[in-house]
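Asks: There's a structure below that I have some questions on.
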Amino acid sequence: MTAATVPADGCDLDVRDVVKAFGSSVVLRGLSLSVPAGSLTAILGRSGSGKTTFLRVLAGFERADTGSVTIGGVVVDGDGAFVPPEHRRIGYVPQEGALFPHLTVARNVAFGLPRGGSRRARLEGLLALVGMEGMARRYPHQLSGGQQQRVALARALAVDPTLVLLDEPFSSLDAGLRTAVRSEVQAVLRASGATALLVTHDQDEALSWADQVAVLRDGRIGQLASPQELYTRPSDPDVAGFVGEANVLPGVAEPPYVRTVLGALAVAGGDVAPAGAPVTVLVRPEQVALVAEAEGAACGAVRDLQYYGHDAVVRVDLAGPAPAAPAAPAGSGAAAAPARPVGPLVVRVMGAATCEPGDVVGVAVRGPVLAWARPHDPEELPECDSGG
Amino acid sequence: MQARRVVTSEEPPNHVAGLIGAATGTPAAAAAGPVGSGRRRRRWPGPFVWASALVAAALVLPLVFLVVESASFGWSAVLALVFRGLTASLLWHTVSLTVCVTACCAVLGTVLAWCVERTDLAGRRWWGALVVVPVGIPDFAVAFGWRSLFAGIGGFGGALLVMSLAVYPLVYLPVAASFRDADPGQEEVARSLGTGRLATFWRVTLGQARGAILGGCLLVALVVLAEYGAFEILGYQTFTTEIFTQLQTGFDTDAACALSLVLVLVSLVVLAGEGAARGRGRTARVGSAAARAGRVRLGRWHPAVQGGFALLAAAALGVPVVAVLYWLGHGGPAPLPAVSLGAAAARTAAYGAAAGVVATAAAFPVAVLSVRRPGRLAAVLERSSYVVLAVPGVVLALTLTYASERYANGALYQTNVLLVLAYAVMFFPLALVSVRASVARAPAHLEEMGRSLGRSPAAVLWRVTLPLVAPGLAAAFSLVFLEVVTELTATLLLIPTGASTLATQFWAYETNLSYGQAAPFVAVMMAVAVVPSYVLGRWFDRMPARRAVAA
């Protein structure tokens with residue numbers, strides 16, 4: 001579907017088992033990733049996960065120890081082949097832009113343009129594309145951070161790239177500007193039809209910007225999925241916690257339900273577990289509603305609340321099932337009451353919350369939840385493996 | 389990479405680099421290396437390592453020669469020469485003057501810097517430019533100015549006055565730079581934490597400038613230890629003047645050698661002492677806020693401070709300039725054969741240019757290694773090149789003379805080649821600081837950008853690296869050039885017989901008390917000093933790129 005709708009300007013990218021080590025520290029540990037032509041992909045990872053190293057391998061600034069990188073069907077790294085950066089036609093937009101400080105905006109953008117008649121027209125087109133028409137004679141230090149980023153993007157697009165790499169390009173911008181520049185860049189990339197990879201540690205940025213998001217963890221891709229898929233069906237609790245706030249609860253499988261401290265919840269996805277098997281359940285904060293104490297599946301005391309304007313986050317210390325907890329819809333009732341979660345339950349409510357710290361409230365889960373067929377051990381969380 | 393928001397203005401691998409840079413107005417620390425590229429290994433061609441090792445070895449060689457030469461006289465003879473009354477008296481003369489000049493310069497330089505950078509002193513930009521100018525005037529010219537106008541100036545007091553006036557900018561420059569770069573927010577925080585105004589000054593303001601003050605003091609002490617011309621004019625005897633006399637008139641090399649050993653030892657102690665006093669302090673600045681705190685109001689002290697600045701300018705600048713102008717107008721008949729001013733100037737310029745090229749070229753591999761591939765090897769190579777700071781010009785001349793006689797059958801002695809080499813060795817640290825800063829201005833990621841935009845490595849070198857590095861190379865060249873123009877001690881000992889530079893010809897007339905004939909040579913040296921200072925100033929000002937690169 002995607003291949004049919006995008007212009008064919010970009011190339012597809014195929015990365016196989018790339019390993020890259022610096023001395024004794026192994027940064028990329030068998031990274032594999034496949035990206036269709038013309039798509040926008042976000043690489044989401046914590047600091048130190050190898051995001052920048054991965055982009056540098058793609059750009060040809062580093063050479064992979066093993067594995068291969070194929071762009072548009074051409075092996076640019078691997079099996080003894082190595083195409084130097086200047087022959088890869090990759091547009092690279094590093095953090096902070098890295099504009100040439102001694103060149104004007106026009107000369108920066110034109111740096112990679114071939115000499116010829118259409119050079120000037122092409123330059124003007126590029127500057128117009130990023131909305132920098134009147135700035136051609138300025139020097140980088142005379143530009144704001146957002147303008148520098150746009151010039152860096154225009155410069156990268158000037159080489160008519162097969163692939164555009166963006167290394168946390170928005171992290172140096174302040175919050176208001178970041179959203180605006182991000183969507184501008186997105187529009188420019190869509191218009192150019194380029195395949196683009198954006199590296200970021202900001203999950204909002206990754207989810208809102210990309211067609212697909214790859215979670216980079218411990219030097220390999222933990223999960224590759226569309227933003228919605230990644231948010232609603234993360235492959236494990238670690239990914240779930242990384243792409244948004246998550247309540248991870250222990251539970252017991254009772255197909256098609258799971259029994260948790262929040263009652264028996266309908267399961268919409270995840271693994272199939274036999275009845276009675278221990279499972280781990282993901283409940284997003286916005287799936288939980290605050291109700292009257294008597295109407296909830298469980299109750300607890302409000303620990304604290306944070307008000308964000310458009311919504312508020314309430315943390316509730318669960319006390320146990322509500323006094324009048326409704327019977328499990330199809331439960332056998334045989335299973336023991338599941339253990340309570342370790343931390344407080346995080347609840348997101350729209351607008352202002354009506355409760356105060358200390359209030360005893362009821363909580364109820366709306367909609368189906370996700371369950372993983374493995375017991376939940378909070379201690380193990382950071383080490384969770386994607387395959388598990 | 390995540391620590392990017394925390395700008396740590398850590399001292400460069402060798403703090404001497406930072407302080408020389410500040411003292412000479414080159415932003416060594418300002419353009420720290422590419423952020424976050426330290427971890428990435430880059431395969432560097434071996435030639436850089438080999439060239440750096442060669443340079444470092446060449447710079448350590450004079451010390452080796454000195455030891456070898458001393459050994460050739462037999463250690464017992466040398467020790468007998470060291471432990472005699474003359475040495476003790478010279479040691480007292482030298483050390484007491486060095487300590488006093490250093491203390492005076494520390495106070496003067498710090499107070500001036502604080503007034504210019506932190507108070508509402510009227511005309512502070514103008515004063516700030518003016519108080520730096522004496523750095524370009526050779527010390528012997530200041531001494532000449534005072535001695536020729538006030539014949540009574542001399543001895544310890546005269547030496548203290550003249551040297552303090554001539555070299556205080558070496559403290560002023562780094563301290564002013566550190567005041568300028570320090571986060572004024574720290575002072576505001578200290579005040580808000582209940583610290584008084586005076587206590588804040590002691591604990592925070594001076595704390596911020598501590599490294600700069602120490603660094604400036606180190607340079608002052610090394611200059612005083614190495615000074616010859618000014619003390620000769622003022623009739624004050626130090627190790628350097630005595631070594632010079634032994635070499636020039638007595639040809640008493642073993643005595644000169646013994647005294648040199650002590651002098652170098654004192655210099656090394658100063659060099660090491662400064663490093664120890666500095667400790668491991670570093671300044672960190674979070675974020676890049678450029679908030680300016682309000683300036684201290686001088687209030688009723690304003691006239692007194694203005695008067696102080698005027699007095700200083702008159703003493704440090706006015707006296708030498710007026711003396712030169714006076715003697716230009718009162719030139720008596722020439723008792724010595726007249727040497728064309730033009731010929732001396734041309735020879736001086738040729739030496740300066742040659743030494744500038746050699747020193748800059750030698751500094752390049754060391755700078756590239758230390759910026760692009762920081763590590764233990766680079767640090768060792770860079771550090772060893774600063775040992776040269778502890779070798780005064782007179783000692784260098786002594787050791788090079790010995791080496792040329794011993795290993796080259798005297799073929800190199802008093803040749804242009806040996807003189808240029810001596811200059812290049814002496815002023816290598818200055819060149820290294822500038823070149824290092826300029827190499828840091830062209831970080832590796834800009835070259836990578838250029839290549840990913842489809843340009844070959846050669847094209848990137850030509851279009852990206854060279855334009856960014858060239859101004860710094862020019863600055864290094866200019867600095868060395870300027871120093872060579874005003875160098876006297878080593879020049880007198882190593883210049884080919886019959887040839888003369890501006891400085892040696894000035895010296896010939898001055899020692900003959902022909903002030904009228906000497907004056908034009910000083911005038912040209914002063915004028916020449918303005919040009920490289922201007923180039924450096926322009927380079928420092930016109931650094932739009934600096935922020936973009938370092939941001």
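Chains as they are written, first to last, in the working numbering: chain A, 1 to 388; chain B, 389 to 939. In this text, a Cβ means the ideal position worked out from N, Cα and C, and glycines have one as well.
Could you check where the beta strand (DSSP E) with residue 299 of chain A kicks off and where it finishes?
Replies: Taken as a continuous stretch (DSSP letters only), the beta strand (DSSP E) holding residue 299 of chain A covers 298 to 307.
Asks: Taking the straight line between their C-alpha atoms, what separation do you get for residue 370 of chain A and residue 153 of chain A?
Replies: C-alpha separation (whole angstroms): 39 Å.
Asks: With 9 Å as the limit, tell me which residues of the stretch 836 to 863 of chain B have their beta carbon closer than that to any beta carbon of chain A; keep them in chain order.
Replies: Hits within the stretch, in order: 836, 837, 838, 839, 840, 841, 842, 843, 844, 845, 847, 848, 851, 852, 855 and 856.
Asks: Is it a yes or a no for the stretch 539 to 549 of chain B touching the stretch 894 to 913 of chain B, going by three-plus beta-carbon pairs under 8 Å?
Replies: No: the two stretches stay apart, fewer than three of their Cβ pairs being nearer than 8 Å.
Asks: What's the call for residue 854 of chain B, buried or exposed, on a 16-neighbour Cβ count within 10 Å?
Replies: Exposed is the call here.
Asks: Using the Cα positions of residue 211 of chain A and residue 225 of chain A, report the straight-line distance between them to the nearest angstrom.
Replies: Roughly 9 Å separates the two Cα atoms.
Asks: Since I believe residue 843 of chain B is in contact with residue 86 of chain A (beta carbons under 8 Å), could you give me their beta-carbon distance rounded to a whole number of angstroms?
Replies: About 6 Å separates the two Cβ atoms, so the contact holds.
Asks: So the beta strand (DSSP E) residue 17 of chain A belongs to, where does it begin and stop?
Replies: Per DSSP, residue 17 of chain A belongs to the beta strand (DSSP E) from 13 to 22.
Asks: Beta-carbon within less than 7 Å of residue 256 of chain A's beta-carbon, same chain only, minus the 5 sequence neighbours each way: which residues are those?
Replies: The residues are 266 and 267.
Asks: Between the Cα of residue 14 of chain A and those of A/313, A/54, A/261 and A/69, spot the shortest distance and give me the residue it belongs to.
Replies: Closest by alpha carbon: A/69.
Asks: Can you name, in chain order, every residue of its own chain whose Cβ lies under 7 Å from the Cβ of residue 21 of chain A, other than the five neighbours on each side?
Replies: Correct list, in chain order: 27 and 65.
Asks: Pick out the complete beta strand (DSSP E) segments inside the stretch 29 to 115 of chain A, 3 residues or longer, and give them in chain order.
Replies: Within the stretch 29 to 115 of chain A, the complete beta strand (DSSP E) runs of at least 3 residues are 40 to 45, 66 to 71, 74 to 78 and 90 to 93.
Asks: Drop a sphere of 10 angstroms on the beta-carbon of residue 133 of chain A, count the other beta-carbons inside from all chains shown, and report buried for 16 or more, exposed for fewer.
Replies: Answer is exposed; the Cβ neighbour count stays below 16.
Asks: Thinking C-beta only, is residue 316 of chain A closer than 8 Å to residue 291 of chain A?
Replies: Their beta carbons are not under 8 Å apart, which means residue 291 of chain A does not touch residue 316 of chain A by this criterion.
Asks: In chain B, which residues lie with their C-beta within 9 Å of the C-beta of residue 155 of chain A?
Replies: Residues of chain B passing the Cβ test: 837 and 841.
Asks: Along the beta strand (DSSP E) that carries residue 257 of chain A, what are the first and last residues, could you check?
Replies: Element bounds for residue 257 of chain A: 257 to 260.
Asks: Helix, strand or coil: which one does DSSP assign to residue 615 of chain B?
Replies: Residue 615 of chain B: coil per DSSP, three-state reduction.
Asks: Between residue 163 of chain A and residue 195 of chain A, which are expected to be in contact by the criterion C-beta below 8 Å, what is the C-beta distance as a whole number of angstroms?
Replies: Confirmed, about 5 Å.
Asks: Taking the alpha-carbon of residue 683 of chain B as reference, which of B/750, B/709 and B/593 has the nearest alpha-carbon?
Replies: Checking every option, the nearest Cα to that of residue 683 of chain B belongs to B/593.
Asks: Grab me the residues of residue 606 of chain B's own chain with a C-beta within less than 6 Å of its C-beta, minus the 5 sequence neighbours each way, in chain order.
Replies: Within the same chain, residue 606 of chain B has close Cβ partners 662.
Asks: In whole angstroms, what separates the C-alpha of residue 220 of chain A from that of residue 571 of chain B?
Replies: Taking the straight line from one Cα to the other gives about 41 Å.
Asks: For residue 247 of chain A, which beta-bridge partners are listed by DSSP?
Replies: Its beta-bridge partners are A/283.
Asks: So is the beta-carbon of residue 202 of chain A under 7 Å away from any non-hydrogen atom of the ligand MN?
Replies: This structure does not include the ligand MN; it has no bound ligands of any sort.
Asks: Between which two residues does the beta strand (DSSP E) carrying residue 389 of chain A extend?
Replies: For residue 389 of chain A there is no data in the structure shown, the boundaries of chain A being 1 and 388.
Asks: Got a sec: is the Cβ-Cβ distance from residue 310 of chain A to anything in chain B below 8 Å?
Replies: No - not a single Cβ of chain B is within 8 Å of the one on residue 310 of chain A.
Asks: Taking CB distances under 8 Å as the criterion, tell me whether residue 71 of chain A reaches chain B.
Replies: Residue 71 of chain A does not count as touching chain B.
Asks: Rounded to whole angstroms, what's the CA-CA distance from residue 101 of chain A to residue 170 of chain A? Just pull it up for me.
Replies: About 19 Å.
Asks: Any beta carbon from chain B within less than 8 Å of residue 182 of chain A's own beta carbon?
Replies: No, its Cβ sits nowhere closer than 8 Å to a Cβ of chain B.
Asks: I need the DSSP call for residue 636 of chain B, collapsed to helix, strand or coil.
Replies: Reduced to three states, the DSSP call for residue 636 of chain B is helix.
Asks: Along the chain, where does the alpha helix (DSSP H) that runs through residue 195 of chain A open and close?
Replies: Here residue 195 of chain A belongs to no alpha helix (DSSP H); instead the beta strand (DSSP E) covers 195 to 200.
Asks: Can you give me, in chain order, the residues of the stretch 69 to 95 of chain A that have a beta carbon less than 8 Å from any beta carbon in chain B?
Replies: Cβ contacts with chain B: 84, 85, 86, 87, 88, 89, 90, 91, 92, 94 and 95.
Asks: According to DSSP, simplified to helix, strand and coil, what is residue 318 of chain A?
Replies: If DSSP states are grouped into helix, strand and coil, residue 318 of chain A belongs with the strands.
Asks: Kindly list, in the order they appear in chain A, the residues whose Cβ is closer than 7 Å to that of residue 834 of chain B.
Replies: The contacting residues are 98 and 100.
Asks: To the nearest angstrom, how far is the alpha carbon of residue 649 of chain B from that of residue 773 of chain B?
Replies: About 19 Å.
Asks: Can you name the start and end residues of the beta strand (DSSP E) that residue 223 of chain A belongs to?
Replies: Residues 220 to 225.
Asks: Between residue 785 of chain B and residue 878 of chain B, how many whole angstroms is the CB-CB distance? I'm expecting something under 8 Å.
Replies: Right, their Cβ atoms sit about 4 Å apart.
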